[in-house]
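Novice: Each residue of the sequence shown is one higher than the one before, counting from 5 in the numbering used here.
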Amino acid sequence: MNRFEFAILAATMFISMLGFGFIVPLLPIYADTLGANSVQLGLIVASSSFSNLLCLPFMGPLSDRFGRKIFLLVGLLILGCAFLGLAWVKDIEHLILLRCIQGIAMSMHLPVAQAYLGDLTPVGEEGRWMGYLNAILFGGVGAGPFFGGMMNDLFGFESVFLISALLLFLSFLLTLFFLKGGKQRQQRARRSVSLGLLWSNKTLRAVVILQMGSGMMTGVSMAFLPVLATVKLGLSTTLVGLILASRTPISMLQTVSGRFADTHNRKIQMTAGSLTSAIALVLITFCGSFWTLLASFSLLALGTVMLQPASSAYMLEEGRRSGMGAMMSMLLMSMQLGASLGPVAMGRVADAFGQPAAFHGAAAINGVALLAFLWMMRGNSGRKVQQAK
Numbered sequence: 005m006n007r008f009e010f011a012i013l014a015a016t017m018f019i020s021m022l023g024f025g026f027i028v029p030l031l032p033i034y035a036d037t038l039g040a041n042s043v044q045l046g047l048i049v050a051s052s053s054f055s056n057l058l059c060l061p062f063m064g065p066l067s068d069r070f071g072r073k074i075f076l077l078v079g080l081l082i083l084g085c086a087f088l089g090l091a092w093v094k095d096i097e098h099l100i101l102l103r104c105i106q107g108i109a110m111s112m113h114l115p116v117a118q119a120y121l122g123d124l125t126p127v128g129e130e131g132r133w134m135g136y137l138n139a140i141l142f143g144g145v146g147a148g149p150f151f152g153g154m155m156n157d158l159f160g161f162e163s164v165f166l167i168s169a170l171l172l173f174l175s176f177l178l179t180l181f182f183l184k185g186g187k188q189r190q191q192r193a194r195r196s197v198s199l200g201l202l203w204s205n206k207t208l209r210a211v212v213i214l215q216m217g218s219g220m221m222t223g224v225s226m227a228f229l230p231v232l233a234t235v236k237l238g239l240s241t242t243l244v245g246l247i248l249a250s251r252t253p254i255s256m257l258q259t260v261s262g263r264f265a266d267t268h269n270r271k272i273q274m275t276a277g278s279l280t281s282a283i284a285l286v287l288i289t290f291c292g293s294f295w296t297l298l299a300s301f302s303l304l305a306l307g308t309v310m311l312q313p314a315s316s317a318y319m320l321e322e323g324r325r326s327g328m329g330a331m332m333s334m335l336l337m338s339m340q341l342g343a344s345l346g347p348v349a350m351g352r353v354a355d356a357f358g359q360p361a362a363f364h365g366a367a368a369i370n371g372v373a374l375l376a377f378l379w380m381m382r383g384n385s386g387r388k389v390q391q392a393k
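Written out as C-alpha cells, the structure reads:
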C-alpha cells in the first residue's frame, strides 16, 4: 500500500464529501420553501442518483481503460460548478437540473476514487482499506450537515452552496498536483462483461440486491427525515444537521468492521447490518424529541457501518479479475438504484398515507432484499467471492 497516495486520495475525498454533506439537510427544506410537494421533494433528492445511475456503467470501465486521474479531475471540476449554480437557483426545475449534473459528476468521481484505492490495496486487506475509505467518506458526509445547517442558520442558503463549491475546487487542485495517477491494472473491462458477470455470479448478485435495499433506506431517510424533524418536531436546521452529523463518529467504526470483514463471516456481518438499519428506520417514525431521533438515526448509521465494508470487500476481490472500475461502478449502481427509486416511490406513499409510511415501506422492501440475499448466499462460506460454475 502506497500510504502517501492513500493519504492524498483520502484527503481529497473527505474535502469533497464534506462539501457535499453541507447541503444534505438543506435541500429538502430549501425545496419546501420553493413550494415542492412530496413527489417533487423525492425527485430533487433522487435526481442526482438517477443521472448518476445512468452514467455509472460507463465511467468505471472507461477508467479501467484510460486511467483514473482524468476522471477524478473532470468530476471535481463539474461538481464545483454545479454547486456554484445552486447559489442562484430560483425554481424547482433548475434545482432538479443542477442535481442531475451533480449526479453525472459524481459518477466520474466516487467509483473511480474507490477503484484507485482498489488498485493500491494488498490482497487479503480488502475490508481494512475499504473500511478506512468508507469511514472517511461517511465522516465527510456526516460532518457536513452539521456545519451546513449551522452556516444556513447564520448566513443563509447561498453561503453554504458557495463554500461547498470552494471545497470542491480545493479537492481539484490537490488531485491535480499531488495525485500521481497510480498503476491500475489495465483490464480492458467492458460493460457487457461486467453485466454478464453479475448475472452469472450468485454472490455478486446477492450483494447488489442487498445494496439496493440499503440505498433505498438511505435515500428515504435523507429525503424525509429533515422535513419530519422540522415540521413534526420543530427542530432548527442546526439541530437537523447535528442529527445527520451523528454518523461521523459512528462511521469511524468502519476501520474496525472492515478488519472484521477480512477475518470473519461477511454474510453474517451484512445480515446484521441490514437488519439493524431497517429497525432503526422504523423507530425514526416513533421519535418525539431531538434525543430519540438522534439515537434512532445513530442506530441506522451503525447498521451501515456493519454492511458497507463487507460488501465493498466482496466487490474489490472480483475487481482484481474483471476490472476495478467496473466492479466499483456496479457496487455504486446498486446503491444509487435504491437511492433513486426510494424517495420517488415512497414520496407517493407519503402523499397517500403520511410520511411515516415512507419509512415503513422502505424498511419492508429492504426486508425482502435481505431474504433474497440470504437465499442466494445459501452454501456460501461468507468469506470469498465464489465463481459461478
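Heads up, the beta-carbon is just placed ideally off N, CA and C, and yes, glycines get one too.
Are the Cβ atoms of Ser51 and Ile19 separated by less than 7 Å?
Specialist: no
Novice: Looking at Ser250: is its Cβ nearer than 7 Å to the Cβ of Phe181?
Specialist: no
Novice: Quick check on DSSP: helix, strand or coil for Arg72?
Specialist: coil
Novice: Is Met155 closer than 7 Å to Val164 when the C-beta atoms are compared?
Specialist: yes
Novice: Over what stretch of residues does the alpha helix (DSSP H) that includes Lys271 continue unbroken?
Specialist: 270-288
Novice: How big is the Cα-Cα spacing for Met319 and Leu121?
Specialist: 13 Å
Novice: Taking its Cβ as the centre, do 16 or more other Cβ atoms sit within 10 Å of Arg7, making it buried, or is it exposed?
Specialist: exposed
Novice: Could you spell out where the alpha helix (DSSP H) holding Leu248 opens and where it closes?
Specialist: Leu248: member of the alpha helix (DSSP H) spanning 241-249, first to last residue.
Novice: So, for Met310: in the same chain, excluding its five sequence neighbours on each side, which residues have a beta-carbon less than 7 Å away from its beta-carbon?
Specialist: Same-chain partners within the cutoff: Ser261, Gln273, Ala276, Gly277, Thr280.
Novice: Below 8 Å on the Cβ atoms is my guess for Phe150 versus Leu214; work out the distance and round it to an integer in Å.
Specialist: The C-beta distance from Phe150 to Leu214 rounds to 29 Å, too long to fall under 8 Å, and the pair is not in contact.
Novice: Please state whether the Cβ-Cβ distance between Met350 and Ala368 is less than 7 Å.
Specialist: no
Novice: Around the Cβ of Thr267, are there at least 16 other Cβ atoms within 10 angstroms (buried) or fewer (exposed)?
Specialist: exposed
Novice: Thinking Met110 and Gly79 are a contact (beta carbons under 8 Å), I'd like their distance in whole angstroms, please.
Specialist: Yes, they are in contact, since the Cβ atoms of Met110 and Gly79 sit about 7 Å apart, within 8 Å.
Novice: Go through its chain and collect everything with a Cβ distance to Lys236's Cβ below 6 Å, but skip five positions before and after it.
Specialist: none
Novice: If Leu183 and Leu13 are in contact, beta carbons under 8 Å, what's the gap, nearest whole angstrom?
Specialist: 6 Å
Novice: Can you tell me the Cα-Cα spacing of Ser196 and Pro61, whole angstroms?
Specialist: Confidence in Ser196 is poor, its pLDDT being 40 and thus under 50, which makes the residue's placement too unreliable to answer from.
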